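A.B. asks:
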Amino acid sequence: MADQLLSTVPHHHSLPENYIRPESQRPRLAEVISDAHVPAVDLSSPDKSHVIAQIADACRSYGFFQVLNHGVPVELMVKMMVIALEFFRLPPEEKAKHYSDDPARKMRLSTSFNIRKETVHNWRDYLRLHCYPPEDYVPEWPSNPSSFKEVASAYCKEVRQLGFRLLGAISLSLGLEEKYMEEVLGEQEQHMAINYYPKCPQPQLTYGLPAHTDPNALTILLQDPDVSGLQVLKHDQWIAVHPQPHAFVINIGDQLQALSNGRYKSVWHRAVVNSEKERMSIASFLCPCNCATISPPEKLISEASPAMYRSYTYEEYYKKFWSRNLDDEHCLELFRS
Ligand SMILES: O=C(O)CCC(=O)C(=O)O
1 MADQLLSTVP HHHSLPENYI RPESQRPRLA EVISDAHVPA VDLSSPDKSH
51 VIAQIADACR SYGFFQVLNH GVPVELMVKM MVIALEFFRL PPEEKAKHYS
101 DDPARKMRLS TSFNIRKETV HNWRDYLRLH CYPPEDYVPE WPSNPSSFKE
151 VASAYCKEVR QLGFRLLGAI SLSLGLEEKY MEEVLGEQEQ HMAINYYPKC
201 PQPQLTYGLP AHTDPNALTI LLQDPDVSGL QVLKHDQWIA VHPQPHAFVI
251 NIGDQLQALS NGRYKSVWHR AVVNSEKERM SIASFLCPCN CATISPPEKL
301 ISEASPAMYR SYTYEEYYKK FWSRNLDDEH CLELFRS
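In full-length UniProt numbering, the protein residues as written are 1 to 337.
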């Protein structure tokens, strides 16, 4: 029910019981590394081979990197954040029109992660949209704020182009043809999650989103420029990925880990909340076509490096992913050859 949305309540004075994680699952915020150097790649650099080498290095060691001078107009990024926040500030009755807790819906405003299934909730509301092809989905998107459809569809188009450019760079960085990933992944779907994390009275007891990997191919995340919250796991330690002005955070999804035969990592990441400021993030997911067959490229298989995963379709993977809990073991483990 729409009254479960956190964003309809102006101030939360205490954390409800059903958001409190058991002691052993809490975020232990004091142990997070706050000053690590998360790789940042300037895509406008004229030294293309250096850019490819930086991407290779980041995908191998972190599975995450930030991109700067990426070609998506800064003004559009700002507008997207503004309309996203305006959406969450709409009156409850307006938001209730879009509310659903059915994960199969192609456009829905919801809360936590999967409210029907989970026992402990997460301190997040989100608007989830299917975005491609736009003519199939944009007509159903919210028309309040009035510029929502126009801004969000322009944003999705630019982000998609950036995604394809990165898939090209990632293919080259693995020694494959530039179009390799794009061709294997087929006519890709594109989904967007607009995440709203309100101020939380007891952030040490809960999550915005608990640790998970992304089941898709590539994720392009626009972070709130003023508030940190994203953390990635490296060598068993959580590292804060602080927002950098005008940057996107890129992360390798499970399918690129499989298609790189395990050379690149789809790493665990999570969003934590805080008591001082609300936070927004906008995740764009490039998702393989359901019929795409995912199997490691011949070129990346050798005696020393045999195929790590069996061949499967994305449809099979996606079903498996959603039949489990978000923070279960890495779903790719179930597809080992
Ligand atoms: O809010 C964030 O920084 C992370 C969001 C995320 O991981 C997701 O939407 O899957």
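Here a beta-carbon is modelled for each residue, glycine too, at the ideal position from N, C-alpha and C. Keep in mind that this is a model prediction, so the values were computed, not measured.
#1: Among all the DSSP beta bridges, which residues are the ones paired with F335?
#2: Alpha carbon to alpha carbon, how far is S7 from C331?
#3: Is S100 buried or exposed, if buried means 16 or more other CB atoms sit within 10 Å of its CB?
#4: What residues in its chain sit with their C-beta under 8 Å from that of E187, if we drop five residues either side in the sequence?
#5: CB V82 to CB F248, shorter than 7 Å?
#6: Tell me where the beta strand (DSSP E) around P189 begins and ends.
#7: Are there any heavy atoms of ligand 1 lying less than 6 Å away from the beta-carbon of L230, as far as the coordinates show?
#8: With distances taken Cα to Cα, identify the nearest neighbour of M77 among L218, Q223, D47.
#9: Determine the contact status of G253 and A217, defining contact as a CB-CB distance below 7 Å.
#10: Identify the residues that DSSP records as bridge partners of C287: which are they?
#11: Whole-angstrom Cβ separation of R21 and T213, contact assumed at under 8 Å?
#12: Can you round the beta-carbon distance between F190 and F285 to whole angstroms, since I take them to be within the 8 Å contact cut?
#13: Going by DSSP, what residue range makes up the alpha helix (DSSP H) through K149?
#14: Which value, in whole angstroms, describes the spacing of the CA atoms of C59 and E86?
#15: Under a Cβ-count criterion, where at least 16 other Cβ atoms within 10 Å of its own Cβ denotes burial, should T111 be classed as buried or exposed?
#16: With contact counted as at least three CB pairs below 8 Å, one residue from each stretch, are the region 287–306 and the region 235–242 in contact?
#17: Give the DSSP-derived three-state secondary structure of M280 in the structure shown.
#18: A217 by DSSP, collapsed to three states: which one?
#19: Excluding the 5 residues flanking L127 on each side, which residues of the same chain have their C-beta closer than 6 Å to its C-beta?
C.D. replies: A quick look at the data gives this:
#1: Answer is none; F335 lacks a bridge partner.
#2: 31 Å
#3: With fewer than 16 other Cβ atoms within 10 Å, it is exposed.
#4: If we look at E187 and ignore the five residues flanking it on each side, its Cβ neighbours are C289.
#5: no
#6: In the sequence under discussion, the amino acid at residue 189 is Glu, which differs from the Pro named in the question. Judged by DSSP secondary structure, E189 falls within the beta strand (DSSP E) whose first and last residues are 189–197.
#7: yes
#8: Between M77 and the set L218, Q223, D47, the nearest pair of CA atoms involves Q223.
#9: Contact check for G253 against A217 passes: the beta carbons are separated by less than 7 Å.
#10: E189
#11: Contact doesn't hold; Cβ gap of about 19 Å is too wide.
#12: In the sequence as displayed, the identity of residue 190 is Gln instead of Phe. The pair is a contact, with the Cβ atoms about 7 Å apart (cut-off 8 Å).
#13: 148–173
#14: Spanning the alpha carbons of C59 and E86 requires a straight line of approximately 34 Å.
#15: buried
#16: no
#17: strand
#18: coil
#19: L109, I194
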